[in-house]
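Taking it in order: structure first as C-alpha cells, then the write-up.
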Amino acid sequence: QELNDPAKFQFSHYEVTLDAIDRTYYKTHADLLMEMVTQRLIQDFQLVPQSVLNWSAHYGEVERKLKGGTGPLPDNAGLMNRRQSFQRILPPKKPTVQHTLSMGHRIHVLSYNPLSDAIEVVQYVAR
Numbered sequence: 001q002e003l004n005d006p007a008k009f010q011f012s013h014y015e016v017t018l019d020a021i022d023r024t025y026y027k028t029h030a031d032l033l034m035e036m037v038t039q040r041l042i043q044d045f046q047l048v049p050q051s052v053l054n055w056s057a058h059y060g061e062v063e064r065k066l067k068g069g070t071g072p073l074p075d076n077a078g079l080m081n082r083r084q085s086f087q088r089i090l091p092p093k094k095p096t097v098q099h100t101l102s103m104g105h106r107i108h109v110l111s112y113n114p115l116s117d118a119i120e121v122v123q124y125v126a127r
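Residue numbers in the sequence shown follow full-length UniProt numbering, run continuously in steps of one, and reach 127 at the last position.
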C-alpha cells in the first residue's frame, strides 16, 4: 500500500522480453528472471521473504484503520465490485512468479506472468 503512495515513493516501470537473439543466452523467461535477480543480489540487494511482505501489508491495513481510514467508499467502488465479481467467472490465471528485492530505500519488484510473456520490473525509491 505504501509503495503506491507518491508522497512516500517514486517509481519507474519497464518490461523485458526475450527476442530471438536473446534466446542464445536464455532459453526461457524463467532463466532471464533468475539472471536479473542474481544481478541484483550481486549489487547487494536482498530478497524480501513473502512472510515479511504479508506482515507489512497486514500492519499497513491495521494502521490505516486505526487512523480512521474507514471513510466513504471511493466513487469507483461499484465498478471495482463488479470487476471483482467478473474476475471470479474468468478461468484461473497462470501463477505469476514474483521476486521482491530491497537495498536501503530502494525496492525492486520483478515479476513474470506467462500470459504476458514479459518480465515486468518496478523500481521504487523512497522520497
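Where is the CB? At the ideal position from N, CA and C, for every residue including glycine.
Exposed unless 16 or more other CB atoms sit within 10 angstroms - verdict on residue i
i: T28; result: exposed
i: H99; result: buried
i: V109; result: buried
i: L47; result: exposed
i: R23; result: exposed
i: L36; result: Looking at the sequence provided, one finds Met at residue 36 rather than Leu. M36 is buried by the Cβ-count criterion.
i: F45; result: buried
i: D5; result: exposed
Closest Cα partner of residue i within the set the options
i: L115; options: A30, M103, T96; result: T96
i: A118; options: T17, F11, P49; result: T17
i: S111; options: H13, L41, I42; result: H13
i: I107; options: L32, Y124, E15; result: Y124
i: M103; options: Q50, I42, N113, S51; result: I42
i: E120; options: M34, E2, P6; result: M34
Residue range of the beta strand (DSSP E) that includes residue i
i: A7; result: That residue, A7, is in no beta strand (DSSP E); it is neither H nor E in DSSP.
i: R40; result: Taken as a continuous stretch (DSSP letters only), R40 belongs to no beta strand (DSSP E), being part of the alpha helix (DSSP H) at 29 to 42.
i: R106; result: 106 to 113
i: V125; result: 118 to 126
Cβ neighbours of residue i in the same chain (closer than 7 Å, five flanking residues each side left out)
i: A126; result: K8, F9, H105
Start and end residues, alpha helix (DSSP H) containing residue i
i: Q98; result: No alpha helix (DSSP H) holds Q98; the beta strand (DSSP E) holding it covers 97 to 103.
Same chain, Cβ closer than 6 Å to residue i, five either side skipped, listed in chain order
i: A77; result: With a pLDDT of only 47 at A77, under 50, the local geometry of the prediction cannot be trusted, and no value is derived from it.
i: T38; result: none
Within-7 Å CB hit, residue i to chain B
i: Y26; result: Structure shown: chain B not included; a single protein chain is present.
Cβ-based neighbour list, residue i, same chain, cut-off 8 Å, excluding 5 preceding and 5 following
i: A30; result: V97, Y112
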